[in-house]
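*Asks:* Have a look at this one.
Numbering (the numbering used here), first residue to last: 34 to 326.
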């Protein structure tokens with residue numbers, strides 16, 4: 034739900050009865066909160082989540098898997114985009130990501146993993162900027178709050194949509210979204226959604242954004258002028274186009290290790306949430322999704 038849209042009491046009642054999660058966003062796409070049925074929560078899974086939170090080995094190894102999956106999938110996207118262009122600095126950054134993966138593999142505490150994840154992300158976004166060929170779109174690095182240019186605006190909007198979809202699946206599986214492994218603090222936030230989005234950022238959103246920019250499907254005039262905080266936001270028909278292309282991306286068929294036939298990315302994300310749930314219930318390793326070559 035974007036902006037000041039309203040639902041009738043009857044619609045809210047049906048959503049609660051059918052266990053349909055309703056996510057509320059600002060007009061610019063920032064997450065505000067969600068409505069869901071508490072009946073969907075499974076106490077067994079939630080209790081297991083609290084138990085795993087007390088297990089430093091489980092938290093560390095799950096966080097390691099998440100960071101590894103994120104960096105590997107980011108590296109894979111750069112390899113694919115640079116296959117024909119052969120930009121030297123991108124090739125150097127790809128090698129740097131290999132070094133980051135080695136560091137992640139031997140990190141012995143979560144703060145160290147977070148540091149390696151941040152370094153790899155900064156390196157990756159530098160390469161991503163080199164792969165934008167549309168002269169109307171510059172990109173010098175990631176700026177989140179607020180997004181200060183059109184490319185950052187598209188990334189932020191896409192990540193918000195993906196976060197909210199993952200959040201709805203977490204709730205549907207009876208997990209609490211507030212207990213993460215890589216992400217966490219004393220503030221109550223949807224840390225598990227922040228965890229599970231990591232392996233899909235480059236796969237779903239970054240690949241889509243680069244395609245839309247380089248094919249000139251979206252132009253710089255499709256964005257608002259910077260507001261008082263310097264934020265730039267997608268507007269009008271271009272936002273509708275992005276939403277449609279995002280849905281198209283989620284519907285794209287791919288392979289997943291847990292099933293024989295090809296499935297949509299939408300289904301892949303659901304399978305990953307279920308993988309995480311089984312890891313929590315059985316105290317086993319979480320297997321991240323790795324994008325095919």
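In this text, a Cβ means the ideal position worked out from N, Cα and C, and glycines have one as well.
Using the Cβ count rule (16 or more neighbours within 10 Å means buried), how would you classify residue 313?
*Replies:* Here residue 313 refers to the residue found at position 280 when the chain shown is read from its first residue. Looking at its Cβ environment, which holds 16 or more other Cβ atoms inside 10 Å, residue 313 is buried.
*Asks:* CA-CA distance, residue 204 and residue 254?
*Replies:* Counted from its first residue, the chain shown places residue 204 at position 171. Counted from its first residue, the chain shown places residue 254 at position 221. Cα to Cα, residue 204 sits roughly 38 Å from residue 254.
*Asks:* In terms of DSSP beta bridges, what is residue 267 paired with?
*Replies:* Here residue 267 refers to the residue found at position 234 when the chain shown is read from its first residue. DSSP lists 256 as partners of residue 267.
*Asks:* Distance check for residue 311 and residue 317, CA to CA, integer angstroms please.
*Replies:* The sequence position of residue 317 within the chain shown is 284, counting from 1. The sequence position of residue 311 within the chain shown is 278, counting from 1. Those two C-alpha atoms are separated by around 8 Å.
*Asks:* With DSSP run on the structure shown, which of helix, strand or coil describes residue 89?
*Replies:* As a working mapping, residue 89 is identified with position 56 in the chain shown. In this structure, residue 89 counts as helix in the three-state DSSP scheme.
*Asks:* Classify residue 273 as buried or exposed, calling it buried when 16 or more other Cβ atoms lie within 10 Å of its own Cβ.
*Replies:* For this step, residue 273 is matched to residue 240 along the chain shown. Looking at its Cβ environment, which holds fewer than 16 other Cβ atoms inside 10 Å, residue 273 is exposed.
*Asks:* Only counting the same chain, and skipping five residues up and downstream in sequence, which positions put a Cβ closer than 6 Å to that of residue 103?
*Replies:* Looking up residue 103 in the chain shown gives position 70. 231 and 232.
*Asks:* I'd like the span of the alpha helix (DSSP H) that includes residue 135, first residue to last.
*Replies:* As a position in the chain shown, residue 135 is number 102, starting the count at 1. Where residue 135 is concerned, the enclosing alpha helix (DSSP H) stretches over 121-139.
*Asks:* Between the alpha carbons of residue 100 and residue 150, how many angstroms are there, rounded?
*Replies:* For the purposes of this step, residue 100 is taken as the residue at position 67 of the chain shown. For the purposes of this step, residue 150 is taken as the residue at position 117 of the chain shown. Answer to the nearest angstrom: the Cα atoms are 6 Å apart.
*Asks:* What does the Cβ neighbour count give for residue 109, buried or exposed, with the cut at 16 atoms within 10 Å?
*Replies:* Taking the first residue of the chain shown as 1, we reach residue 109 at position 76. Label assigned to residue 109: buried.
*Asks:* With which residues is residue 313 paired in a DSSP beta bridge?
*Replies:* Numbered from its first residue, the chain shown carries residue 313 at position 280. Per DSSP, none; premise fails for residue 313.
*Asks:* Does the region 188-196 come into contact with the region 232-246, if we say contact requires no fewer than three beta-carbon pairs (one atom in each stretch) closer than 8 Å?
*Replies:* Flag = yes, the region 188-196 and the region 232-246 touch.
*Asks:* What residues in its chain sit with their C-beta under 7 Å from that of residue 288, if we drop five residues either side in the sequence?
*Replies:* Residue mapping note: residue 288 aligns to position 255 of the chain shown, counting from 1. Excluding positions up to five away in sequence, the list reads 295 and 325.
*Asks:* So for residue 180, helix, strand or coil by DSSP?
*Replies:* Here residue 180 is taken as the residue at index 147 of the chain shown, counted from 1. It is coil, neither helix nor strand.
*Asks:* Could you give the distance in angstroms between the alpha-carbon of residue 163 and the alpha-carbon of residue 120?
*Replies:* Within the chain shown, numbered from 1, the residue matching residue 163 stands at position 130. Within the chain shown, numbered from 1, the residue matching residue 120 stands at position 87. Near 8 Å, if we compare the C-alpha coordinates of residue 120 and residue 163.
*Asks:* Let me confirm a value: residue 105 is counted as buried when at least 16 other C-beta atoms fall within 10 Å, else exposed. Which label applies?
*Replies:* The residue labelled residue 105 in the question sits at position 72 within the chain shown. It counts as buried.
*Asks:* State buried or exposed for residue 180, treating a residue as buried only when at least 16 other CB atoms are found within 10 Å of its CB.
*Replies:* Taking the chain shown and counting its residues from 1, one reaches residue 180 at position 147. Buried is the call here.
*Asks:* Out of 263, 262, 130 and 268, state which residue places its alpha-carbon closest to the alpha-carbon of residue 251.
*Replies:* Counting from 1 along the chain shown, the entry for residue 251 is found at position 218. The shortest C-alpha separation from residue 251 is found at 268.
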